[in-house]
Amino acid sequence: MSQTWSPIIIDHKEIQKNAKRLNEIVEGRFSVLIIKNFYDVNSCKIIINRINSIIGKQGNIKKIGVSLVSHINRKADYFLHAENNRKTLQDIFFGLEDPRKKIHSLLAEFFPNKEITIAEENGKKYACGVIRLHELGDSAFIHRDNVRFEAKNFYVSQFLTQLSTVLYIQQSEKGGELVLYKKSWRKSDEKFRNIEFGYKHNVVSNSTKCARIKPNQGDLIIINPIFYHEILPVKGKKRRITLGLFLAFSNYGKKIVTWS
Amino acid sequence: MDIIWGNVGKVLSGQIFELNVTHRKDGNKNKYSDTERIKISKTDFGSLPADINNYTKELVEQVLSGTFVKCEIKEKDQEGNYVSLVSHSGQGGY
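Going down the list, the sequences are from chains A and B. Heads up: the first sequence at position 141 corresponds to 141 in our numbering, and the numbers run straight through without jumps. Count along the second sequence from 1, add 260, and you get the number used in our numbering.
See the structure below:
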């Protein structure tokens with residue numbers, strides 16, 4: 001594996017003229033869409049202070065918000081926790097442009113004919129956004145994100161295409177790069193699975209291309225998370241802080257749903 | 261207690277499924293092939309009814325099919341099924 005899997009890099013002012021390029025991410029022709037300067041850097045700094053205040057009270061936490069995949073066998077708890085955490089995230093973004101709404105507006109520009117909503121099931125809203133904190137030495141093993149086969153008992157698993165948006169609220173000084181491999185999950189890969197999280201490195205041994213990226217504070221990336229990816233260990237004192245939100249759609253459906 | 265992990269394959273009834281075995285605990289007493297028949301004695305999947313007698317094939321397919329699970333094996337029954345406590349295991353991603 002040596003070839004570079006090219007990214008698409010645009011400025012937030014160039015979204016409209018690049019609206020059709022998201023398909024190239026879905027199809028894996030490019031590794032990632034990086035939207036530079038998507039979110040105000042000063043707002044990022046305010047959010048970081050608020051997160052630091054939560055860390056000061058709660059200690060060493062790895063995430064703020066709720067993730068569906070950590071509740072696969074506890075669906076009722078997922079919706080309960082999603083509701084309980086809604087105010088926490090609202091407080092973190094209070095008085096600022098809510099980055100989740102900004103992501104929804106962005107999706108409306110990419111898909112003008114589709115309705116963009118937070119996913120709902122039986123009248124209950126899914127969680128909307130999870131902030132992940134990576135401290136010195138933290139990493140994420142090679143993994144892929146896809147509820148279509150990971151969480152079949154959730155409504156969002158019915159959609160054919162899933163994408164992942166990640167906003168960089170704070171970038172680590174060193175390390176913390178995102179590495180994307182041009183290899184998507186297949187059933188036979190399960191033999192490489194780690195029992196706790198992700199997959200062994202062998203799962204990407206026949207991948208022909210990869211991309212290694214380190215966006216700046218305020219940048220937003222969109223990836224097709226069925227392609228394997230990993231986060232390299234964070235080095236330096238500054239923690240890596242990101243806001244993640246998934247979205248899914250069917251080619252012929254009128255709706256795009258988001259969740260975390 | 262022997263433990264094996266893997267993805268739920270073909271669901272044969274409301275309580276029995278084929279497990280595509282990917283991991284085996286070091287020190288298991290028995291050897292396990294790449295596909296084993298598992299009979300559920302208990303699960304931690306909240307989307308399934310509390311009473312396993314109320315499980316149906318369709319419901320188990322809907323909730324467990326393809327899922328990565330841990331099977332703690334209590335015994336092998338007369339039909340050759342491994343009677344197990346079946347629980348969700350790990351995350352393939354976020």
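Glycine included, C-beta positions come from ideal geometry on N, C-alpha and C.
- With respect to B/G306, A/A76 sits close: the two C-beta atoms are nearer than 9 Å.
- For A/S139, no chain B residue has a C-beta closer than 7 Å to its own C-beta; the minimum C-beta separation is roughly 13 Å.
- The alpha-carbon of A/L133 is positioned some 14 Å away from that of A/E173.
- In the three-state DSSP reduction, A/R148 falls in the helix class (H, G or I).
- With fewer than 16 other CB atoms across the displayed protein chains lying within 10 angstroms of its CB, B/S273 is exposed.
- The residue from A/V69, A/E135 and A/E120 with its alpha-carbon nearest to that of A/H143 is A/V69.
- Near chain B, meaning a CB-to-CB distance below 8 Å, the residues of the segment 221-252 of chain A are P225 and G244.
- Around A/H143, the beta-carbon contacts reaching into chain B at under 9 Å are Q351, G352, G353 and Y354.
- Collapsing the DSSP output to three states places A/E115 in a strand.
- In this structure, DSSP gives A/F246 an extended state, which the three-state scheme calls strand.
- Taking C-beta atoms as the reference points, A/V32 and A/S139 fail to come closer than 9 Å.
- When Cβ-Cβ separations below 9 Å define contact, A/W259 makes no contact with chain B.
- The Cβ neighbour count for A/R29, taken over all protein chains shown within 10 Å, is under 16; the residue is labelled exposed.
- In the three-state DSSP reduction, A/Y155 falls in the helix class (H, G or I).
- B/T282 has a beta carbon lying within less than 9 Å of a beta carbon in chain A.
- Contact with chain B is found for A/K187, since one of that chain's Cβ atoms lies less than 9 Å from the residue's Cβ.
- Contacts with chain B (Cβ-Cβ distance below 8 Å) from the segment 167-191 of chain A involve W185, K187, E190 and K191, listed in chain order.
- Here B/S344 is buried, its C-beta having at least 16 other C-beta atoms within 10 Å.
- The Cβ atoms of A/V156 and A/V166 do not sit closer than 9 Å to each other.
- Spatial neighbours of A/E27 in its own chain (CB-CB distance under 7 Å, excluding positions within 5 residues in sequence) are not present.
- With a threshold of 16 other beta carbon atoms within 10 Å, B/I333 meets it and is buried.
- Burial check for B/P309: the Cβ neighbour count within 10 Å stays below 16, so the residue is exposed.
- Collapsing the DSSP output to three states places A/R74 in coil.
- Considering only beta carbons, the part of the segment 297-309 of chain B lying closer than 7 Å to chain A consists of D304, F305, G306 and S307, in chain order.
- Taking C-beta separations shorter than 6 Å and ignoring five residues to either side along the sequence, the partners of A/I72 in its chain run A151, following chain order.
- Interface annotation, B/Q322: in contact with chain A, CB-CB separation under 9 Å.
- Contacts with chain B (Cβ-Cβ distance below 8 Å) from the segment 59-83 of chain A involve S67, V69, S70, I72, N73, R74, K75, A76 and D77, listed in chain order.
- Contact note: B/S325 reaches chain A through K152, using a C-beta cutoff of 8 Å and chain order.
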